[in-house]
Amino acid sequence: MNRPPFSTLPDAGRDRPLRAGGERHRVSPALPEHLAAWQLPPGWHWGTEGIWEDYRHFQELIDALGRSLSLVSAPEPEHAAWIEAEARALAHRNHPAVPTTYHYWSVNSDSRRGPGYLRRWIAGETLGARLARAGPDDVPAVLRVMRETGSTLSYLHDAGSVHGAVSVDNVLTSPMGRLWLIGWQWAVPLASIPDGLSPNVTGMPLPPEWGDRWLPTMASDQWQLAALCFAALTGEAPPRDDIPPVSLVRPDVPPSVGIVLDKALQLQPGQRYPTVGAMVRAMDRVVGSRTVLTLSGESVAASRESPEVRLRWALADDYEVISPLGAGSFGSVWRVRDLSLGREVALKLLHPHIARDERAVGRFRREARLAAQLAHPSIVPIYDWDSRGDVSWYTMELAESGSVADLVARSGARPLAEVAPQIDEVLSGLAAAHAIGIVHRDLKPENILIDRYRRWRIADFGIANPAGEELTGASGTPAFSPPEQLLGEPQEATADCFSLAAIVAFVLSGAPPFGEADTKTILARELAGQLDVSGYAPEIGAWLERGLETDPDARFADATAMQNAWREAAGAVLERERRVPWWRRLFGAEEGSETFWREESPVAE
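Note that this note's numbering numbers the sequence shown so that position 578 is 800, with each residue one more than the last.
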């Protein structure tokens, strides 16, 4: 595309002073007033989350297929044309970091809804929130943010548009590591934005050429991207004048990386890179966009390399490695793209020292086999198993919203109304495992994953026991393990019931029921019955007490019994509190429906 290196928006900031103040993203605890009269289509219902942003409100809703969507609306009626322009612009974007627009509702008096558009609901936190919570990122993580955000901006610039509001608060990161660029109300033709309005610059790095006006250009997008990386590396935004070299503020940053960022942060736009794409290519030249390993078939050499290098060598042209998702004592999990099927999946890779142990590889293969045979909507499906040399892996469905542990870390303890149906579905999946004699033995919040439709699903059957195999061992996670497991004694289905009850207590309270101390301390508390259920409704407290009994024989016999008791306890509490059946409020059940609990599986993705 032929365009000058620094395209601008003519007169973009002449009457648009910079504006600051207030939180950038505020949680909306109740349905806002401007949505109160909306009439959703049959079978749809409002979700439990909402967020206020710059002249926009994002409300979760659930469609008739059970998908979690985001309704983007403008609280001010005079902004109807603006949000329509935003929806139209996004509908024609096709980039992995741009949320897909599904439908636009124009104002319709008959249906009593509109204007607003639907896109997928993105669970996660802004890069700014993550930095405030966890501190500055490491260099590889920041380089990934620069590449993916830079790719999005380059895509936008090639179409002749600018973003104009790039900051740590407009980059969203999902629990599974996927990045999204948000703040799209500003990336529309200037004539579509009401006169005098500009982004809230609280926490936003301000390019030096802006002065006291909003003057978005492709050059300012580049400066803001580099400033975002500066903030992610150092924990603070760069000053508008006299910006110190990155390597001076963060000495462990490779000099070649610092040189690229320093150039993009030049005060004069003409001294920066000609385009954002040129900036990203310059970074790739100095650090490499991908790690490439050329071997003559020697798997031994690969075992001495980093996990990413080993993985790229083993996967060859079958998968593209995108990013790491996490690691444990037995292996690591990666986000990869299946090139033959064109879909992103999660890949679990054994650590090299474990992959050389034939028994460990056999257990790893068994984990894949067990999960694959448990075809249930509440169990993460396994797609494929393979190995090359001493590199062993399997692929499974990608849970884009992370785990229950991520949910509680991000949002704190959850209300019973929100999690009751999800816990019921997890119990259904666990009952399916128990029905064929499989005991999971490592249920914990990290192993309950959340898919893009907010469904909870059981994962990681790495130390599960099929009927007839070993039933002892002290594996597992202490804070969620029953006493018999911590003592290395035999474990049956009741052990899983204990762990799931501990997860429920964790979700409802924000902390494990017996604390997060060392194994001996937790075991002592469990054996002493140091369980406080005074903070729960009586029915839930009684259910937790039975599930967390020290004596396995006093617990629920299996997940089926536990599920039946959960339905009674949760249903009674929520019906009493709301005076209407809670499943109707959450799921829009028709009048006359006798019960929410049903045998049919939810619609698959």
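Built from N, CA and C at the ideal position, the CB exists for glycine as well.
Taking every protein chain shown into account, the CB of G737 has fewer than 16 other CB atoms within 10 angstroms, so this residue is exposed.
Contact annotation, V468 with G480: C-beta distance approximately 4 Å; criterion of less than 8 Å satisfied.
Residues G336 of the same chain have their beta carbon placed closer than 7 Å to that of N330, with the five preceding and five following residues left out of the count. Non-local C-beta neighbours of V361 in its own chain, meaning closer than 8 Å and more than five positions away in sequence, comprise L455, D474, V475, P476, V479, ordered along the chain. Under the three-state reduction of DSSP output, H267 falls in the strand class. Taking C-alpha positions only, D391 is separated from R334 by approximately 33 Å. Around the beta carbon of A654, a 10 Å sphere encloses 16 or more other beta carbons of the protein chains shown; the residue is thus reported as buried. In this structure, W402 lies near P321, with their beta-carbon atoms less than 9 Å apart.
As the crow flies, the alpha-carbon of T716 is around 6 Å from that of F778. The Cβ atoms of A781 and D718 lie closer than 9 Å to each other.
Exposure of D417 is indicated by the presence of fewer than 16 other C-beta atoms within 10 angstroms of its C-beta. Secondary structure of I725 (DSSP, three-state): helix. By the Cβ neighbour-count rule, V602 is buried, with 16 or more other Cβ atoms within 10 Å of its own. For L638, same chain residues with a beta-carbon under 8 Å away, outside a window of 5 residues either side, are L730, A759, I762, A792, V795, L796 in chain order. Within the DSSP bridge table, the entry for R679 names L671 as partners. Straight through space, the alpha carbons of I344 and L287 are spaced by roughly 17 Å. DSSP places M618 in the strand class (E or B) of the three-state scheme. A459 is a Cβ neighbour of A449, given a cutoff of 9 Å.
Take W274, set aside five residues on each side of it, and the residues of its chain with a beta-carbon closer than 6 Å to its own are R248, S250, in chain order. If you keep only unbroken alpha helix (DSSP H) runs of at least 4 residues inside the region 598-653, you get 626-633. The three-state reading of DSSP puts E300 in helix, counting H, G and I together. Here I658 is exposed, its C-beta having fewer than 16 other C-beta atoms within 10 Å.
R503: member of the alpha helix (DSSP H) spanning 498-509, first to last residue. Segment contact: the region 385-400 against the region 417-432, three or more CB-CB distances shorter than 8 Å; contact assigned. Across the set L709, L745, K742, V755, the C-alpha of V755 shows the shortest separation from the C-alpha of A723. Less than 9 Å separates the beta-carbon of E748 from that of L708.
Only buried fits E271, as 16 or more other CB atoms lie within 10 angstroms of its CB. In the three-state reduction of the DSSP assignment, Q407 falls in the helix class, which pools H, G and I.
Apart from sequence neighbours up to five positions away, the residues of its chain that approach A727 with a beta-carbon distance below 6 Å are P735, L766, ordered along the chain. The secondary-structure analysis by DSSP pairs Q281 across a beta bridge with G272, L293. By the CB criterion at 9 Å, D628 and T617 fall outside the cutoff.
Where A351 is concerned, the enclosing alpha helix (DSSP H) starts and stops at 349-356. Burial state of G405 is buried, judged by a 10 Å Cβ sphere holding 16 or more other Cβ atoms. The Cβ atoms of R768 and A787 lie closer than 9 Å to each other. Just so you know, the alpha carbons of V384 and A621 end up roughly 32 Å apart.
Taking C-alpha positions only, G243 is separated from P421 by approximately 11 Å.
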